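Student: Have a look at this one.
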Amino acid sequence: MYNHFFGIIPPELSYIRHLRFLDLDFNNLQGSIPESFALLTNLKVVTMAFNKLTGTLPPAFFSNCTSIRVVDLSNNFFTGEIPQELGNCPLWSLSMYSNRFTGQLPISLANHSIYYIDVEDNYLSGELPGMIVAGMTDLGMLHLSYNIMISHDNNTNLETFFTTLGNCTSLKELELAGMGLGGRFPNSIGRLSTTLTSMLLDGNQIFGSIPPGIANLYNLTVLNLTFNSLNGTISPKISQLSNLEQLFLSHNKFAGEIPSALGHLPHLGLLDLSYNQFSGEIPESLGNLVRVNSLFLNNNQLSGNIPSTLGGCTDLYRLDLSYNRLTGSIPPEISRLREIRIFLNLSHNFLSGQLPIVLSKLENVQDIDVSSNNFNGSIFPLISNCIGLRMLNLSRNFLQGHIPESLGDLRNLETLDVSANKLSGEIPQSLNRIRTLTFIDLSFNDFEGPIPPGGIFDSIKNASLTGNPHLCVAVSGKLTCFQKKHWFNSKKFLIMFVLGIVASLCLSTVCCVIAIRRMKMVSSGNTMEMETARKSSAAPELIHNFPRITYRELSEATGGFDAQRLIGTGSYGRVYKGSLSDGTLIAVKVLHLQTGNSTKSFNRECQVLKRIRHRNLIRIITACSLPDFKALVLPYMANGSLDSRLYPHSGKDNLGSGSSDLTLTQRVNICSDIAEGMAYLHHHSPVKVIHCDLKPSNVLLNDDMTALVSDFGIAKLVMTVGGGTGAAAENMGNSTANLLCGSIGYIAPEYGFGSTTSTKGDVYSFGILVLEMVTRKRPTDDMFIGGLNLHKWVKNHYHGRVERVIDSSLVRASTNEPPEVKKMWEVAVSELIELGILCTQVSPSIRPTMLDVADDLNRLKKYLNGDATATFASSLGISSSTMEDD
Numbered sequence: 001m002y003n004h005f006f007g008i009i010p011p012e013l014s015y016i017r018h019l020r021f022l023d024l025d026f027n028n029l030q031g032s033i034p035e036s037f038a039l040l041t042n043l044k045v046v047t048m049a050f051n052k053l054t055g056t057l058p059p060a061f062f063s064n065c066t067s068i069r070v071v072d073l074s075n076n077f078f079t080g081e082i083p084q085e086l087g088n089c090p091l092w093s094l095s096m097y098s099n100r101f102t103g104q105l106p107i108s109l110a111n112h113s114i115y116y117i118d119v120e121d122n123y124l125s126g127e128l129p130g131m132i133v134a135g136m137t138d139l140g141m142l143h144l145s146y147n148i149m150i151s152h153d154n155n156t157n158l159e160t161f162f163t164t165l166g167n168c169t170s171l172k173e174l175e176l177a178g179m180g181l182g183g184r185f186p187n188s189i190g191r192l193s194t195t196l197t198s199m200l201l202d203g204n205q206i207f208g209s210i211p212p213g214i215a216n217l218y219n220l221t222v223l224n225l226t227f228n229s230l231n232g233t234i235s236p237k238i239s240q241l242s243n244l245e246q247l248f249l250s251h252n253k254f255a256g257e258i259p260s261a262l263g264h265l266p267h268l269g270l271l272d273l274s275y276n277q278f279s280g281e282i283p284e285s286l287g288n289l290v291r292v293n294s295l296f297l298n299n300n301q302l303s304g305n306i307p308s309t310l311g312g313c314t315d316l317y318r319l320d321l322s323y324n325r326l327t328g329s330i331p332p333e334i335s336r337l338r339e340i341r342i343f344l345n346l347s348h349n350f351l352s353g354q355l356p357i358v359l360s361k362l363e364n365v366q367d368i369d370v371s372s373n374n375f376n377g378s379i380f381p382l383i384s385n386c387i388g389l390r391m392l393n394l395s396r397n398f399l400q401g402h403i404p405e406s407l408g409d410l411r412n413l414e415t416l417d418v419s420a421n422k423l424s425g426e427i428p429q430s431l432n433r434i435r436t437l438t439f440i441d442l443s444f445n446d447f448e449g450p451i452p453p454g455g456i457f458d459s460i461k462n463a464s465l466t467g468n469p470h471l472c473v474a475v476s477g478k479l480t481c482f483q484k485k486h487w488f489n490s491k492k493f494l495i496m497f498v499l500g501i502v503a504s505l506c507l508s509t510v511c512c513v514i515a516i517r518r519m520k521m522v523s524s525g526n527t528m529e530m531e532t533a534r535k536s537s538a539a540p541e542l543i544h545n546f547p548r549i550t551y552r553e554l555s556e557a558t559g560g561f562d563a564q565r566l567i568g569t570g571s572y573g574r575v576y577k578g579s580l581s582d583g584t585l586i587a588v589k590v591l592h593l594q595t596g597n598s599t600k601s602f603n604r605e606c607q608v609l610k611r612i613r614h615r616n617l618i619r620i621i622t623a624c625s626l627p628d629f630k631a632l633v634l635p636y637m638a639n640g641s642l643d644s645r646l647y648p649h650s651g652k653d654n655l656g657s658g659s660s661d662l663t664l665t666q667r668v669n670i671c672s673d674i675a676e677g678m679a680y681l682h683h684h685s686p687v688k689v690i691h692c693d694l695k696p697s698n699v700l701l702n703d704d705m706t707a708l709v710s711d712f713g714i715a716k717l718v719m720t721v722g723g724g725t726g727a728a729a730e731n732m733g734n735s736t737a738n739l740l741c742g743s744i745g746y747i748a749p750e751y752g753f754g755s756t757t758s759t760k761g762d763v764y765s766f767g768i769l770v771l772e773m774v775t776r777k778r779p780t781d782d783m784f785i786g787g788l789n790l791h792k793w794v795k796n797h798y799h800g801r802v803e804r805v806i807d808s809s810l811v812r813a814s815t816n817e818p819p820e821v822k823k824m825w826e827v828a829v830s831e832l833i834e835l836g837i838l839c840t841q842v843s844p845s846i847r848p849t850m851l852d853v854a855d856d857l858n859r860l861k862k863y864l865n866g867d868a869t870a871t872f873a874s875s876l877g878i879s880s881s882t883m884e885d886d
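Rendered as structure tokens:
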């Protein structure tokens with residue numbers, strides 16, 4: 001490896017007939033494998049991983065080179081089917097992950113003594129290869145994740161495959177993640193090899209219980225079943241997995257009590273039961289998990305007290321019990337959790353009592369969040385002993401007294417939120433000495449006196465102070481203190497009282513006059529006229545306020561559709577900048593009537609635009625439709641499209657060579673705007689709309705850089721919310737059947753296999769757009785030629801290191817920033833990358849909804865604007881607090 005080859009594979013290598021080991025890993029090789037390699041009949045090992053190789057695999061290479069034992073072609077861009085000729089080789093290891101292979105695994109591999117098969121992240125389809133692996137008694141590792149395979153009986157039966165897999169008596173690793181596999185979790189899993197150590201089945205559609213047969217896999221160390229539909233029970237026999245180290249069961253539908261058997265796994269280091277429907281109390285047996293370092297029970301319906309036995313989990317460094325119904329106080333035994341160094345999250349429960357002083361013994365904890373509970377009492381000064389504290393959230397409780405001066409000793413504190421309590425007294429001066437502090441929220445308390453100068457208080461926002469009527473604030477450069485006054489003893493109060501009485505008398509007189517005139521009106525027989533007037537005012541006639549603009553007016557506005565006014569082109573037609581007679585700037589979208597779907601596209605866009613209204617969706621001014629001319633009139637956007645701002649100076653010979661001037665905050669705001677618009681289309685619009693063509697060139701930016709989603713030419717109208725016109729909406733949806741499903745690079749992978757359009761397709765396109773915003777790499781670049789490959793590239797290079805994938809212009813912009821700003825920058829970029837990867841999962845079922853995406857981006861936007869209280873523990877399962885350690 002690292003031979004420093006460039007360009008294509010040297011054909012001259014085929015002359016080395018005695019060559020046995022060919023190692024071309026980690027080079028910049030492009031092109032395809034030369035046909036002449038079929039002459040290398042002595043080859044035993046072929047590795048060409050992490051290059052840019054393309055094309056199909058030459059069958060002659062594998063039919064002639066019948067001594068090959070190891071093949072590693074992973075992380076390239078190979079296409080086509082895996083050749084059947086591989087069956088001529090006595091393979092021991094086959095690694096082809098992260099390519100573009102299609103079709104099925106070659107049946108010729110059956111009955112071979114292959115130990116390692118890794119074909120993850122491809123487009124392989126068909127049923128799980130039970131017949132192929134049935135005879136592989138030496139198979140040790142089978143990695144099929146992130147393909148498009150299905151279980152037997154039309155994706156409803158997992159029993160058949162797992163029964164067949166039982167023949168693989170040497171199996172150690174089984175990875176079937178992110179495939180959308182359907183069926184009940186089979187009890188035949190217990191007939192798998194007892195040598196199995198890792199089983200990843202996350203991101204599927206598996207339902208039912210965890211069967212008792214799982215107990216037979218006593219060597220299992222990792223079991224991941226997240227993002228499924230498991231809804232039954234967890235067999236108590238799971239406690240027999242004495243070597244289990246990591247158990248992931250989050251994002252399922254488990255209900256009932258957490259089985260106490262989970263507390264009898266002596267080597268368990270991570271237990272994730274979050275985002276289920278568990279109820280009842282937290283089992284005391286969990287305190288037996290002396291090696292657990294990460295315990296996630298958040299987002300369930302757990303009740304009762306926090307068991308004091310959790311104090312026995314002395315290796316814990318991440319504990320999340322948030323979003324439950326826990327009551328009582330924090331047990332003093334929590335002080336034994338000295339190893340908590342990442343976060344303690346008890347927020348959004350019904351915990352009460354005073355904040356225990358034992359929290360001060362958690363010296364290494366970075367985040368403490370006990371917000372949205374019923375805690376009372378005061379903030380104890382010894383909290384300053386938590387010297388590693390970066391975030392302290394005590395908001396939405398009933399805390400009283402002063403903020404202790406000792407908080408100023410927390411030299412690493414970045415976020416402090418004590419809002420919505422009953423705190424009083426002056427704001428301590430010591431807080432302005434914390435140089436790392438970037439966000440503080442003191443709102444809705446009873447603080448008084450002047451706001452300390454310097455430090456965080458020089459940039460504090462008014463929203464962080466609101467609800468404190470006795471604070472002294474700056475007004476016109478001067479401090480104004482609103483102190484309590486006894487107004488009822490003052491002259492001003494007497495004057496106001498008299499004026500109030502006079503005003504009341506005047507108002508009474510006016511009301512009497514109106515009443516008398518009303519009575520006269522009724523008595524004179526005008527009742528019918530009044531009733532008609534009432535009805536007229538209550539139900540005014542709806543007016544479609546679309547102005548009429550003629551072809552001649554559009555021609556004059558655009559200078560006869562002058563080429564100098566051209567601001568955009570595409571397969572649909574051209575867009576011209578124009579100015580109406582009243583000076584209004586417009587964009588005129590003229591359609592090419594020669595293209596087959598132009599009329600259908602025009603009608604579709606009109607149908608959509610007249611039904612939707614949202615601040616992040618383009619609005620239609622009017623339309624002009626003639627037999628030989630069709631155009632849409634839209635508001636002119638001075639900042640152009642997102643594509644033009646992301647890739648300035650792009651053209652035929654200069655594809656985005658200029659550096660983008662978009663800041664990170666602008667990119668986050670734009671992503672948030674797009675998500676809000678798409679969430680409206682999917683969930684709140686009068687007619688549910690699937691955009692089908694979301695990409696940067698279809699996002700416009702107005703004068704204040706607000707993003708507006710445009711171009712609904714191939715959108716699909718699915719249904720009407722609220723009834724009334726459901727049939728019409730359904731017909732309009734069907735009329736899109738022959739139109740495209742999007743643009744190359746942004747099309748969801750399932751569309752290539754005949755799946756119908758869905759909102760999850762839009763989520764995929766949005767995810768590609770987000771990754772493009774971060775990396776500034778087009779999914780149509782030569783190194784990707786597809787959005788899924790951009791997803792793979794980011795996932796393979798990222799690994800928590802933003803500098804490996806980030807746009808260089810963003811890196812330069814952060815170079816001279818202070819450390820606290822850089823930290824926020826890294827968190828925000830990481831969140832965008834994680835969100836983009838999540839939205840572009842191969843399996844649509846794993847992707848979030850646009851409502852969830854919009855909610856998370858709104859949190860991120862607030863974070864960049866100073867509200868750093870959110871840990872991003874949202875419905876997407878992303879947590880900035882855990883990002884560096886996961």
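Residues in the sequence shown are numbered consecutively from 1, following full-length UniProt numbering.
By construction, the Cβ of each residue, glycine as well, lies at the ideal position given by its N, Cα and C atoms.
Given the structure is predicted, the values throughout are model-derived calculations rather than measurements.
Name the residue from SER758, VAL633, LEU634 whose alpha carbon lies nearest to the alpha carbon of LEU694.
Tutor: Translated into the one-based positions of the sequence shown, residue 694 becomes position 694. Ranking SER758, VAL633, LEU634 by Cα distance to LEU694 puts SER758 first.
Student: Below 7 Å CB to CB, which residues in the same chain sit around residue 895 once its five sequence neighbours on both sides are set aside?
Tutor: Beyond the ends of the chain as shown, which are 1 and 886, falls residue 895; an answer cannot be given.
Student: I believe SER193 touches LEU171 by the beta-carbon criterion, under 8 Å. Please report the beta-carbon distance rounded to the nearest angstrom.
Tutor: If you number the sequence shown from 1, residue 193 lands on position 193. If you number the sequence shown from 1, residue 171 lands on position 171. That pair is a contact at about 4 Å.
Student: Name, in chain order, the residues that DSSP records as bridge partners for residue 953.
Tutor: One cannot answer for residue 953 here, as it falls past the ends of the chain, which runs 1 to 886.
Student: Have a look at SER464 and VAL590 and give me their C-alpha separation to the nearest angstrom.
Tutor: As a position in the sequence shown, residue 464 is number 464, starting the count at 1. As a position in the sequence shown, residue 590 is number 590, starting the count at 1. Straight-line Cα distance between these residues: approximately 49 Å.
Student: Can you have a look at HIS684 and say buried or exposed, based on whether 16 or more other CB atoms are within 10 angstroms of its CB?
Tutor: Counting from one through the sequence shown, the residue named residue 684 turns up at place 684. That one is exposed.
Student: In this structure, what does DSSP give as the bridge partners for VAL709?
Tutor: Within the sequence shown, numbered from 1, the residue matching residue 709 stands at position 709. Answer is LEU617, VAL699, bridged to VAL709.
Student: Quick one, which of SER14, THR56, ASP25 has its alpha-carbon nearest GLY31's?
Tutor: As a first step, residue 31 is located in the sequence shown; it is residue number 31 there, counting from the start. For GLY31, the nearest C-alpha among the options comes from THR56.
Student: Would you say SER660 and LYS861 are within 8 Å of each other, going by their C-beta atoms?
Tutor: For the purposes of this step, residue 660 is taken as the residue at position 660 of the sequence shown. For the purposes of this step, residue 861 is taken as the residue at position 861 of the sequence shown. Cβ atoms of SER660 and LYS861: not closer than 8 Å.
Student: Looking only at C-alpha atoms, which of LEU105, LEU362, ASN345, SER113 sits nearest to PRO90?
Tutor: In the sequence shown, the residue the question calls residue 90 occupies position 90. The shortest C-alpha separation from PRO90 is found at SER113.
Student: Tell whether a beta-carbon distance below 8 Å holds between SER366 and LEU382.
Tutor: Counting from one through the sequence shown, the residue named residue 366 turns up at place 366. Counting from one through the sequence shown, the residue named residue 382 turns up at place 382. At residue 366 the sequence reads Gln, which differs from the Ser that was named. Going by C-beta atoms, GLN366 is not nearer than 8 Å to LEU382.
Student: Could you name the residues that DSSP lists as bridge partners for GLN246?
Tutor: The residue labelled residue 246 in the question sits at position 246 within the sequence shown. The partner list for GLN246 (beta bridge, DSSP) reads VAL222, LEU270.
Student: Could you check whether ILE612 and VAL689 sit closer than 8 Å to each other, using their CB atoms as the reference points?
Tutor: Sequence index remark: in the sequence shown, residue 689 carries index 689 (1-based). Sequence index remark: in the sequence shown, residue 612 carries index 612 (1-based). Contact flag set, yes.
Student: Which residues mark the beginning and the end of the alpha helix (DSSP H) in which LEU851 is found?
Tutor: Translated into the one-based positions of the sequence shown, residue 851 becomes position 851. Segment 850-864, the alpha helix (DSSP H) holding LEU851.
Student: Among GLN564, LEU392, PRO331, which residue has its Cα nearest to the Cα of THR309?
Tutor: For the purposes of this step, residue 309 is taken as the residue at position 309 of the sequence shown. It is PRO331.
Student: If you compare alpha carbons, which of ILE357, LEU39, LEU399 is closest to ASN376?
Tutor: Start at 1 with the first residue of the sequence shown, and residue 376 comes out as number 376. Among ILE357, LEU39, LEU399, the Cα nearest to that of ASN376 is on LEU399.
Student: Secondary structure at GLY752, three-state DSSP: helix, strand or coil?
Tutor: By 1-based counting over the sequence shown, the position of residue 752 is 752. Residue state, collapsed to three classes: helix.
Student: Does the beta-carbon distance from VAL709 to LEU617 come in below 8 Å?
Tutor: Here residue 709 corresponds to residue number 709 of the sequence shown, with the count starting at 1. Here residue 617 corresponds to residue number 617 of the sequence shown, with the count starting at 1. Taking 8 Å as the Cβ cut-off, VAL709 and LEU617 qualify as a contacting pair.
Student: Residues in the same chain with beta-carbon distance under 6 Å from ASN702, minus the five sequence neighbours each way, listed in chain order, please.
Tutor: On the sequence shown, residue 702 is found 702 positions in, with the first residue counted as 1. Closer than 6 Å at Cβ, skipping near neighbours: MET637.
Student: Measuring alpha carbon to alpha carbon, tell me which of ASN88, LEU53, PRO58, GLU81 ends up nearest LEU73.
Tutor: Here residue 73 refers to the residue found at position 73 of the sequence shown. Looking at the Cα atoms, LEU53 is the closest of the given residues.
Student: Can the beta-carbon of SER641 be found closer than 8 Å to that of SER697?
Tutor: The residue given as residue 641 occupies position 641 in the sequence shown. The residue given as residue 697 occupies position 697 in the sequence shown. It is a contact, given that the beta carbons lie within the stated cut-off.
Student: List the endpoints of the continuous beta strand (DSSP E) containing LEU319.
Tutor: In the sequence shown, counting from the first residue as 1, residue 319 sits at position 319. Per DSSP, LEU319 belongs to the beta strand (DSSP E) from 318-320.
Student: Please state whether the Cβ-Cβ distance between ARG325 and LEU302 is less than 8 Å.
Tutor: If you number the sequence shown from 1, residue 325 lands on position 325. If you number the sequence shown from 1, residue 302 lands on position 302. Yes, they are a contact pair.
Student: To the nearest angstrom, report how far apart GLY761 and ALA748 are at their CA atoms.
Tutor: Taking the first residue of the sequence shown as position 1, residue 761 is located at position 761. Taking the first residue of the sequence shown as position 1, residue 748 is located at position 748. Straight-line Cα distance between these residues: approximately 5 Å.
Student: Which stretch, first to last residue, makes up the beta strand (DSSP E) that contains ALA255?
Tutor: Looking up residue 255 in the sequence shown gives position 255. Looking at the DSSP string, the run of the beta strand (DSSP E) that includes ALA255 is 255-257.
Student: Going by C-alpha distance, which of THR436, LEU437, GLY425 is nearest ILE451?
Tutor: As a first step, residue 451 must be located in the sequence shown, where it is residue number 451. Nearest C-alpha to ILE451: GLY425.
Student: Report, in whole angstroms, the separation of the C-beta atoms of ARG291 and ASP315, which I expect to be a contact under 8 Å.
Tutor: Looking up residue 291 in the sequence shown gives position 291. Looking up residue 315 in the sequence shown gives position 315. The pair is a contact, with the Cβ atoms about 6 Å apart (cut-off 8 Å).
Student: Please identify the residue among LEU268, LEU790, ASN99 whose C-alpha is closest to the C-alpha of ASP781.
Tutor: Reading the sequence shown from its first residue, position 781 is the one you call residue 781. Comparing Cα positions, the closest option is LEU790.
Student: Helix, strand or coil, according to DSSP, for TYR680 in the structure here?
Tutor: Along the sequence shown, one-based indexing puts residue 680 at 680. TYR680 falls in the helix class under three-state DSSP.
Student: Cutting at 6 Å between CB atoms, please list the residues of its own chain near ASP446, excluding the five before and the five after it.
Tutor: Numbered from its first residue, the sequence shown carries residue 446 at position 446. Only SER424 meet the Cβ criterion.
Student: Starting from the C-beta of ASP118, find all residues in its chain whose C-beta is less than 6 Å away, skip the five residues before and the five after it, and write them out in chain order.
Tutor: Here residue 118 corresponds to residue number 118 of the sequence shown, with the count starting at 1. Answer for ASP118: SER95, TYR97, HIS143, listed in chain order.
Student: Going by the CB atoms, is the gap between ALA557 and GLY573 shorter than 8 Å?
Tutor: For the purposes of this step, residue 573 is taken as the residue at position 573 of the sequence shown. For the purposes of this step, residue 557 is taken as the residue at position 557 of the sequence shown. Result no, Cβ atoms of GLY573 and ALA557 do not sit closer than 8 Å.
Student: On the DSSP letters alone, give me the boundaries of the alpha helix (DSSP H) that PHE62 sits inside.
Tutor: In the sequence shown, the residue the question calls residue 62 occupies position 62. Its alpha helix (DSSP H) spans residues 59-64.
Student: So the candidates are LEU810, VAL633, SER743; which of them puts its Cα closest to the Cα of PRO779?
Tutor: In the sequence shown, the residue the question calls residue 779 occupies position 779. Per the Cα distances, SER743.
Student: Hey, would you say GLY178 sits closer than 8 Å to VAL853, going by beta carbons?
Tutor: Within the sequence shown, numbered from 1, the residue matching residue 178 stands at position 178. Within the sequence shown, numbered from 1, the residue matching residue 853 stands at position 853. Not a contact, by the Cβ cut-off of 8 Å.
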